[in-house]
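Colleague: Chains as they are written, first to last, in the numbering used here: chain A, -7 to 851; chain B, 11 to 576.
Heads up, the beta-carbon is just placed ideally off N, CA and C, and yes, glycines get one too.
So that we are looking at the same thing, I have put the structure below in structure tokens.
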């Protein structure tokens, strides 16, 4: 957007010249994959060598990642302040300003790079590449996806370009545009199996729910435009601009930010707009789920983090504290609520979905606390009156550390959750295959391939008391004694059984046409329908293939020995999410808890989110442990789980890489991720004397905090999160592996502890499991129920009225215009007779008219 | 500014593109006749190689040679014109011995040269495949006939180009008219080039008849003007007009010239022959008519309305303001409405080009509404600059997508399609890339962002609004009564654009959702060069939409050169 002078530092950087390619490459890959997919659908080279577009997407995402890394290294090398780069102006337009002058507005695109951008950029481009790798192993090995994977990859790259664009954009307008692009791709990906009603429903639900938030976001942005006359970061983050607005319209700015926050709530699936996320797991198993766990949902967090300059502005000191509290409170509520629902989920992916919700809520709480601190502390070097701030050093550090913790948790969560989802996908994939393998054989024998429509027909005849002969004579239109496809189709339609297009009649005809002459006679119909009816009575038709749920943890168990890498990845991921000491999430989670409590000491309102996150830590420990134990420990539940095999390399590679990234939490913490900020003092590897110094500093800071309160708090949180929660899960679920099952050495302590605890402290949770609360939890606290009711009562009624008005008033007007234009068109064209004489006549008339008009002006 | 006479030093540099065209013309005339003929000096046995006649070599007798040569010359002329932008424009005035201004080479004429040569180069490249030519060994009557006349086609294209660039360069109304007629007569023949077909002959005939009437009227206006002022120099006419422009004689002349140029830009109701001509001509030629030929008419209008009958010369509104406003409204509405019902895509494009003429007339009208009182001068000048820039930008990008659309139709033509909308049916299945390209052209014509058609329409509308707001900008209060009524022209343009989307989208509907006609299932006939030309059009359509900045700057310098001449 407009390139007016701002406070940002413009740094020349070669990487920044190429930064737009990070977005453009995947965006260009979208039509290419789609087009080639259409053209070469089903061809061998396309399928085997290009993986239906997967191997087109892969290098593109790789290139994006490399460019992103280049940009990041340039940024870190420069300790950059804010960089605003590669401005590209499309055109400049004048916009009328109230009454007086016009204001020049340029429409274009620029790249804005600061430490928030850089973090998200890495997360997004890195995970997108890994998901892509994973998808090649996951999507292309499932026959159900055959010949339509190109659609998946095309939508996937478009999604990636949306995410990367949102992160890199230099104005809230472009952020919003890319935000919506992601919304679209999310809709398409959730509804990838659109033929499944549940998937179509979930896609719609996700789209509409997030749209609710987006409307608010849009209004918030419009208000911001009104206040600043621009949506460029350059303008709106300028402290003089903020000051000017703060003096006249501070409350409106607060409202604007609040409305934008609602948009973030929708996108990041927070209470009360969280209902779409669990359903989003209808998408192609882990991949869409991963998007809804590791990348896209971060958009909301990113938006809130982007608001930091407003909260941090000295001019708005204390004005936005309430909003910060709301952000933290929403986060706290969601953290506990989602964790509670996760207790009772049996579906592996659903547990992870709720865990996502809960962890995002943590980050929101952390952001809320950080924003509160930024808004209420004087943390700038100079006060508004120009004097030196005496508390600068302390306050500045507090704000930086609080904000850094939230951002770091975003990073850790994205890495861990990305891995968890991919691992769960691997588990589901293999369980599904094992099931398929086991039951393939008896399918062929016992299960006649009876089209569903015939069953419906049989039921229909039964209900109406018709015999096959009655039905036959009623449909034999030409009286030939045989019925052909057309007659049969007409009859089915007439009887209201089913209305099939002709090309879908073939399987029905084949099932009925026993002698294979292309048409059906009475005995054939009678025989087949008789057989079907018999089968219905014997209950032969409940297809156990459909009944088997490959995602249910009740069908798993004891997989630790069969899928060692997956189990390891899941273990590390779970520990990271739980906040197990020294692993990834620990550092950031402790930071969030500590900072929330720090605020709670100042402002009693914050006791609520502070208690929530503390309680949530324990709950997280419980449900994550429960998930791992139910899946990987104990004996296999059912024969399918006993026959699961290891998975393929495409799937293993990203798991392996992400396991490292989660384990390496201590490394990142030592590098200074916990308090990363855009200045030299707090830049990466810039303080505490390098890696080792950073390590010592972090260790000391966490485990031996000099302030007694935080010292105790750390250990309380640790105890709750890493001992109480997991301990309860250990006593309830899992157990030792079966005899003869070899597990990797590093599982031994977990499994041994599990076996020991389970044997000794097995407590009875049946009273809880049967209570109304548990039922409410497994019904997701009835949110969907009440939302549906509200929809039906209010929205549906309104929309029917709107539809009516639309068809009568708007369509009516349009149709009238269209009809009139067409009539006019016919009349006008009738003047073009084709005779040159007439043309000259018309020209003469025109000439005379011209003279008359000129004459009229003069006279 | 450098002033020189013909054949002075630097003359060849200044007029290099035109000279290249003249050389090209002679080359094309001579080359096919070269052979190994020898001339025997009488009474001796000495034979001197004479080259004219005799057995022709492989190159000279190749029927595709003229097309290739002409394309090369056009591209060369285009590059030479473009090259003059490098190191800054060398503004050159070429005068007669008596000191009369004849030709002016500046940013304005150069950009129009670029338009003309660009369009003609594309048309010529596209025609290499489209004018039927067979192997040189084809001895059948039709084959011989087709091969022989190849060269005529390209020579005519070159004379068209020469005439057009004279129009762009001319500083004298008479010279301008000569150039106009040179180009017009060539196009009349080009339209009826396929004289075996009834449509071609008929279209050419009608176009010629109506065109000569318009030319006659214009010429009469010209003679009246000469009678009145004793000169046809723009500079002297401007002075004369400023002194006593309200006399009947110049006004009658003005009206008559409007008719002449109105025909060239196909403004209603002088446009009637245009749809017939476009439909009858081969598509590349129709594309040239819709783009380059139209740009030529616009130059005429700009010269006569803005330079000669300069709005500055009159107090308040220009005399032609109302007349032109009515003309523009009628033209854009007529064009769009007539296009709605057309089932022949070439006629549809013809009507759409009528509508575009209406938009351009609206832009010129707006300039007539400017207020030139001293305190308004700066703002008015800015606004005028914006409008002329928009106009030139529009003419440039028109070459990209309108000509491109005609070239796509020309591929269809080679399988005897392209005359009905139905023949486009299922193009998306037959040739996905071509269909997508055509769709982009249509969207650009409709003015959908981010294509260049959008930018051009936006610039025109913004320009008109800027003009309408001149009084408001000067006075500083936004009151509706201060907004000039030319604002409604912008509104009408928007409404008309909305109507036009219907028929542009219909092309997409047919291409993507209708089944191919029987007998048209497979891919279209190949044609490398025409596809190359289409691809060039596609790239520029996209590029000038997304990266319009440079081109706008170029157009602005051209507009500056014109507006500065007022």
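Would you call the stretch 144 to 161 of chain A in contact with the stretch 37 to 53 of chain A, where contact means no fewer than 3 C-beta pairs closer than 8 Å?
Modeller: The way I'd put it, the stretch 144 to 161 of chain A does touch the stretch 37 to 53 of chain A; three or more beta-carbon pairs between them come closer than 8 Å.
Colleague: Going by DSSP in three states, residue 482 of chain A sits in which element: helix, strand or coil?
Modeller: helix
Colleague: Using DSSP with H/G/I as helix, E/B as strand and the rest coil, what is residue 629 of chain A?
Modeller: coil
Colleague: Between the alpha carbons of residue 251 of chain A and residue 521 of chain B, how many angstroms are there, rounded?
Modeller: 44 Å
Colleague: To the nearest angstrom, how far is it from the Cα of residue 119 of chain B to the Cα of residue 562 of chain B?
Modeller: It is roughly 16 Å from the alpha-carbon of residue 119 of chain B to the alpha-carbon of residue 562 of chain B.
Colleague: 9 Å is my cut-off, CB to CB: does residue 51 of chain B come that close to chain A?
Modeller: False, the Cβ-Cβ gap to chain A never drops below 9 Å.
Colleague: Residue 813 of chain A touches chain B at which residues, Cβ-Cβ below 7 Å?
Modeller: 347, 350 and 509
Colleague: Short of 9 Å Cβ to Cβ, which residues in the stretch 821 to 839 of chain A face chain B?
Modeller: 821, 823, 824, 825, 826, 827, 828, 829, 830, 831, 832, 834, 835, 836, 837, 838 and 839
Colleague: Is the Cβ-Cβ distance between residue 104 of chain B and residue 564 of chain B less than 9 Å?
Modeller: no
Colleague: To be precise: take each residue of the stretch 796 to 811 of chain A, compare its Cβ to all Cβ atoms of chain B, and keep it if any distance is under 9 Å. Which residues remain?
Modeller: 809 and 810
Colleague: Between which two residues does the beta strand (DSSP E) harbouring residue 59 of chain B extend?
Modeller: For residue 59 of chain B, the enclosing beta strand (DSSP E) starts and ends at 57 to 59.
Colleague: Under a CB-based cut-off of 9 Å, is residue 577 of chain B close to chain A?
Modeller: This structure does not reach residue 577 of chain B, given that chain B is present from 11 up to 576, and the question cannot be answered.
Colleague: Tell me the rounded alpha-carbon separation between residue 370 of chain A and residue 568 of chain A.
Modeller: 34 Å
Colleague: Which residues, in chain order, does the stretch 246 to 279 of chain B contribute to contact with chain A at a C-beta distance below 8 Å?
Modeller: 256, 261, 262, 264, 265, 266, 268, 269, 272, 273, 278 and 279
Colleague: Straight-line CA distance for residue 452 of chain A to residue 503 of chain A?
Modeller: 18 Å
Colleague: Just verifying my parser: in three-state terms, what is the DSSP assignment at residue 767 of chain A?
Modeller: helix
Colleague: What does a CB cutoff of less than 6 Å around residue 506 of chain B pick up in its chain, not counting 5 residues either side in sequence?
Modeller: 342 and 346
Colleague: Distance check for residue 618 of chain A and residue 547 of chain A, CA to CA, integer angstroms please.
Modeller: Looking at the two C-alpha atoms, the distance is approximately 15 Å.
Colleague: Between A/845, A/173 and A/355, which lies nearest to residue 586 of chain A when the distance is taken from Cα to Cα?
Modeller: Nearest of A/845, A/173 and A/355 to residue 586 of chain A, Cα basis: A/355.
Colleague: My understanding is that residue 116 of chain A touches residue 159 of chain A, with C-beta atoms under 8 Å, so please give their C-beta distance in whole angstroms.
Modeller: Indeed, because the Cβ distance is near 6 Å, the residues count as touching under 8 Å.
Colleague: Going by the CB atoms, is the gap between residue 188 of chain B and residue 579 of chain B shorter than 9 Å?
Modeller: In this structure chain B extends from 11 to 576, so residue 579 of chain B is not present and cannot be described.
Colleague: For the beta strand (DSSP E) containing residue 15 of chain B, list its first residue and its last residue.
Modeller: 12 to 15
Colleague: Between which two residues does the alpha helix (DSSP H) harbouring residue 162 of chain B extend?
Modeller: 151 to 179
Colleague: Look at the alpha carbon of residue 434 of chain A and the alpha carbon of residue 428 of chain A, and state the distance between them as a whole number of angstroms.
Modeller: Caution is warranted here: a pLDDT of 47 is assigned to residue 434 of chain A, below 50, making its placement in the model unreliable, and no coordinate value can be reported.
Colleague: Against residue 219 of chain B, what residues of chain A qualify as contacts under a CB-to-CB distance less than 9 Å, listed in chain order?
Modeller: Near residue 219 of chain B (Cβ distances below 9 Å), the residues of chain A are 828, 829, 831 and 832.
Colleague: Step through the CB atoms of chain A and report whether any lies within less than 9 Å of the CB of residue 215 of chain B.
Modeller: yes
Colleague: Determine, using beta carbons only, whether residue 267 of chain B and residue 235 of chain B come nearer to each other than 9 Å.
Modeller: yes
Colleague: Start and end of the alpha helix (DSSP H) containing residue 48 of chain B?
Modeller: Here residue 48 of chain B belongs to no alpha helix (DSSP H); instead the beta strand (DSSP E) covers 48 to 50.
Colleague: Could you give the C-beta distance for residue 282 of chain B and residue 220 of chain B, rounded to a whole number, given that I count them as a contact under 8 Å?
Modeller: Contact between residue 282 of chain B and residue 220 of chain B holds: CB atoms are separated by about 7 Å, below the 8 Å threshold.
Colleague: Distance, Cα to Cα, residue 302 of chain A vs residue 167 of chain A?
Modeller: Between the alpha carbons of residue 302 of chain A and residue 167 of chain A lies a distance of about 17 Å.
Colleague: Measure the Cβ-Cβ separation of residue 285 of chain A and residue 348 of chain A and say whether it is below 9 Å.
Modeller: Between residue 285 of chain A and residue 348 of chain A, the CB-CB gap stays under 9 Å.
Colleague: Would you mind sorting residue 265 of chain B into buried or exposed? The rule is 16 or more other CB atoms within 10 Å of its CB.
Modeller: buried
Colleague: Do we get a CB-CB distance below 9 Å when we pair residue 512 of chain B with the residues of chain A?
Modeller: yes
Colleague: Is there a C-beta anywhere in chain A that falls below 9 Å from the one on residue 526 of chain B?
Modeller: no
Colleague: Going by DSSP, what residue range makes up the beta strand (DSSP E) through residue 392 of chain B?
Modeller: No beta strand (DSSP E) contains residue 392 of chain B, which is instead part of the alpha helix (DSSP H) from 387 to 423.
Colleague: Skipping 5 residues on each side, what residues in its chain have a beta carbon closer than 6 Å to that of residue 626 of chain A?
Modeller: 549, 550, 726 and 727
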